[in-house]
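A short worksheet on the structure shown next.
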Amino acid sequence: EFGDEPAKRPGLFEMLSKLSAAVFALLHSPQAFGEHPDVVEEYFYLAARFLDYCPAPLLSSELLGHVLRSAATGLTVEHREALRGVLHFCGEAAGAAVLAVKRAGGPLPAAIAAT
C-alpha cells in the first residue's frame, strides 16, 4: 500500500527481490512446488499485489522473467489455492503490462514480450 509513494518503491522492490530469491531457492523443482503449495499461493498473491500497487519496478526488471517462469512451473501444482495464486498473478502481470504499454505508448516489457 506504500507503492504509490515513489520514495518507498526501491525498498519495496528490494524486499520483493530478496523474498523471491528465498522462494525460488525453496521451490527449486516442480516437485518442491507440490510440497509447498501454501508458499506458492502466498508468494504469487504477494507478487500480484506488488503489481497492483507498484508495477513499474517489477515490469522493468529481470525479476519479472524469473517470476513468470516460476509461475509456469506453478501451473503444474495440483492444489486449488496454489493454482489460484499463480493464475491471479498471471492475470495481474498481463493487465499491468498492457496498462504500462498504453500509458507509455511503447513496447511490452521484455520479460512478457519474450514469453
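The numbers in my numbering rise by one with no breaks, and the one at position 115 of the sequence shown is 145. Backbone N, C-alpha and C define an ideal beta-carbon position, used for all residues, glycine too. These numbers were taken from a predicted model, which means no experiment stands behind them.
By how many angstroms is the C-alpha of Glu-111 removed from the C-alpha of Pro-60? 16 angstroms
In the DSSP assignment, find the alpha helix (DSSP H) that holds Lys-132 and state where it starts and stops. 110 to 134
Quick one: which unbroken alpha helix (DSSP H) runs of 4-plus residues sit fully inside the region 48 to 108? Chain order, please. 60 to 65, 67 to 83, 85 to 89, 93 to 104
Pick from Val-128, Phe-119, Val-131: whose alpha carbon is nearest that of Phe-80? Phe-119
Suppose you measure from the CA of Ala-199 to the CA of Leu-89; what does that come to, to the nearest Å? The question about residue 199 has no answer, for the chain in this structure spans 31 to 145.
What do you get for Pro-85, buried or exposed, if any count of 16 or more other CB atoms within 10 angstroms of its CB means buried? buried
How big is the Cα-Cα spacing for Gly-121 and Pro-40? 24 angstroms
Buried versus exposed call for Glu-71 [16 or more other C-beta atoms within 10 Å across all chains shown]: buried
Are the CB atoms of Gly-115 and Phe-63 within a distance shorter than 8 angstroms? no
Please report the straight-line C-alpha distance between Leu-56 and Glu-108, rounded to a whole angstrom. 18 angstroms
Burial state of Tyr-73, where buried means 16 or more other Cβ atoms lie within 10 Å: buried
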